[in-house]
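A short write-up of the structure that comes next.
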Amino acid sequence: MHDQPGISVSQLSDRARGIFREIVDSYLTTGSPVGSRTLSRIGGLQLSPASIRNVMQDLEELGLLAAPHTSAGRVPTEQGLRLFVDGMMQAAEPSAAEVAAIEAEAGRSGASLEDVLGRTTSVLSGLAQCAAVVASPKGEPVLRQLNLVPLGPGRALAVLVGADGGIENRIIALPEGLPPHALEQAQNYVNARLSGLTLAEAVKRLQAEITSNRAELDRLTADLVANGLASWSSDGAGPVLIVRGQSHLLNDADLERARALLEELEEKAELARLLDRARESDALKIFIGAESRLFALSGSSVIAAPYRGADGRVIGVVGVIGPTRLNYARVVPMVDFTANRLSRLMA
Numbered sequence: 122m123h124d125q126p127g128i129s130v131s132q133l134s135d136r137a138r139g140i141f142r143e144i145v146d147s148y149l150t151t152g153s154p155v156g157s158r159t160l161s162r163i164g165g166l167q168l169s170p171a172s173i174r175n176v177m178q179d180l181e182e183l184g185l186l187a188a189p190h191t192s193a194g195r196v197p198t199e200q201g202l203r204l205f206v207d208g209m210m211q212a213a214e215p216s217a218a219e220v221a222a223i224e225a226e227a228g229r230s231g232a233s234l235e236d237v238l239g240r241t242t243s244v245l246s247g248l249a250q251c252a253a254v255v256a257s258p259k260g261e262p263v264l265r266q267l268n269l270v271p272l273g274p275g276r277a278l279a280v281l282v283g284a285d286g287g288i289e290n291r292i293i294a295l296p297e298g299l300p301p302h303a304l305e306q307a308q309n310y311v312n313a314r315l316s317g318l319t320l321a322e323a324v325k326r327l328q329a330e331i332t333s334n335r336a337e338l339d340r341l342t343a344d345l346v347a348n349g350l351a352s353w354s355s356d357g358a359g360p361v362l363i364v365r366g367q368s369h370l371l372n373d374a375d376l377e378r379a380r381a382l383l384e385e386l387e388e389k390a391e392l393a394r395l396l397d398r399a400r401e402s403d404a405l406k407i408f409i410g411a412e413s414r415l416f417a418l419s420g421s422s423v424i425a426a427p428y429r430g431a432d433g434r435v436i437g438v439v440g441v442i443g444p445t446r447l448n449y450a451r452v453v454p455m456v457d458f459t460a461n462r463l464s465r466l467m468a
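Just so it is clear: in the sequence shown, position 220 is 341 by the working numbering, and no numbers are missing.
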């Protein structure tokens, strides 16, 4: 799940492993530092506070534990959490109630894809008590009609109507020396020959017909059509990003950290780039604190898993964002299940 080298679980003694696991489990449950006296009361360890303190010191020197402020207790570092997640965590299956809640939204019939994704993300956010995010590909619009309206010397308004009824207006530059009838000719050509095609398909057909002289357009009019198509949705090519449940982050006792995280979530482009790393890895990924440049300031964790389209290719990513003190064993399988459910939805 992570590429950086570090200490492995096998390098720890059984005693160190047991103490480390108890500290991490307690920290993830309570969020509080764990002291040697508390650990000595745990029946399974059967060690004196002094013996436990020695082991805790060793784990601190390895970079796996840290003492916050002047506390006598210890908390796992980001490196320690990474070791735990990669080598010691035993993930549980999602509960029947969690499965039912996700199924109810992802299986909703008659709703638009964006509505289903938004609702599924909201329910994942509620179950994990974190912010949740989904990145879905922007559907490529299908051209239904093009209208070209002259605006004066050298400019025209291109009104593009999509098959879904969406309308986009663009002001385009007209090639120099364009004859007056060219706007109508270009408009008629697009509506007769390119209607029903996606942008990529329309451009491909235009180029093929120009090459084989079947376009019945002069060079200037063909350039006009090409410019009109190129202007269509060129500024909306990125993924659709839906973020839900930011309010859960304010439940965190550390309000400064929560505020920093909320500010980081506003960086949509950076968030999309982070999710792309999960998309490219082809499998669930966990980013802990500074492992993600975006969340280095707030020290937050991201658990993200890709989901697939009908052809099996990765088309989007779903995940949760919260404090590093996440219940990873519970949330990881929940995110994984949601990604698998969205893959079935897309199939």
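For every residue, glycine included, the Cβ atom is placed at its ideal position computed from N, Cα and C. None of these values were measured; they are calculated from a predicted model.
Closer than 7 Å by C-beta to V452: which residues in its own chain qualify, once you throw out the five before and the five after it? Chain order, please. A249, I424 and V441
Looking at the structure shown, is N334 part of a helix, part of a strand, or coil, going by DSSP? coil
Contact belief for L281 with L264 at Cβ below 8 Å, rounded distance in angstroms: 7 Å
What is the C-beta distance between G366 and C251, in whole angstroms, given that I count them as a contact (C-beta under 8 Å)? 7 Å
Which of helix, strand or coil does DSSP assign to N448? coil
When you compare the CB positions of K389 and L418, do they come within less than 7 Å of one another, or not? no
Using a Cβ-Cβ cutoff of less than 6 Å, which residues in the same chain neighbour D124 once the five nearest sequence positions on both sides are dropped? The predicted position of D124 is uncertain, since its pLDDT is 44 and thus under 50; no value can be drawn from it.
Buried or exposed: where does A303 fall if 16 or more other Cβ atoms within 10 Å of its Cβ makes it buried? buried
By DSSP, does L362 sit in helix, in strand, or in coil? strand
Please look up how many angstroms separate the CB atoms of V130 and P197, rounded, as I've assumed it's under 8 Å. Contact doesn't hold; Cβ gap of about 13 Å is too wide.
Rounded distance between the beta-carbons of S422 and L405, thought under 8 Å: Rounded, the Cβ-Cβ distance is 13 Å, inconsistent with contact.
In this structure, how does DSSP classify P454 when only helix, strand and coil are distinguished? helix
Note down, one range per segment and in chain order, each beta strand (DSSP E) of at least 3 residues found wholly within the segment 179-266. 252-257
Cα-Cα separation between T459 and N290, rounded to whole angstroms: 37 Å
Quick one: give me the first and last residue of the beta strand (DSSP E) that N290 is part of. I288 to A294
Proximity to I140 [Cα-Cα], best of L466, L180 and S153: L180
Where the beta strand (DSSP E) containing R429 begins and where it ends: S421 to R429
Under the three-state DSSP convention, the category R276 falls into: strand
Rounded to whole angstroms, what is the Cα-Cα separation between E384 and F408? 18 Å
For the candidate residues L166, A193 and Q167, whose alpha-carbon lies nearest to that of Q178? A193
Does DSSP put P154 in a helix, a strand or coil? coil
For T319, write down the residues that DSSP places opposite it in a beta bridge. V263
Across which residues does DSSP place L406 in a beta bridge pair? Correcting the residue identity first, residue 406 is Lys in this sequence and not Leu. A425, per the DSSP bridge assignment.
Segment contact, 8 Å Cβ cut-off, at least three pairs: the segment 154-174 with the segment 386-400: no
Should V364 and V244 be called a contact, given that it needs their Cβ atoms to be closer than 7 Å? no
Cross-strand partners of V441 (DSSP beta bridge): A253 and I424
Taking the straight line between their C-alpha atoms, what separation do you get for A90 and S233? Coverage of the chain is limited to positions 122 through 468, which leaves residue 90 absent and any answer about it impossible.
In terms of DSSP beta bridges, what is P271 paired with? A277
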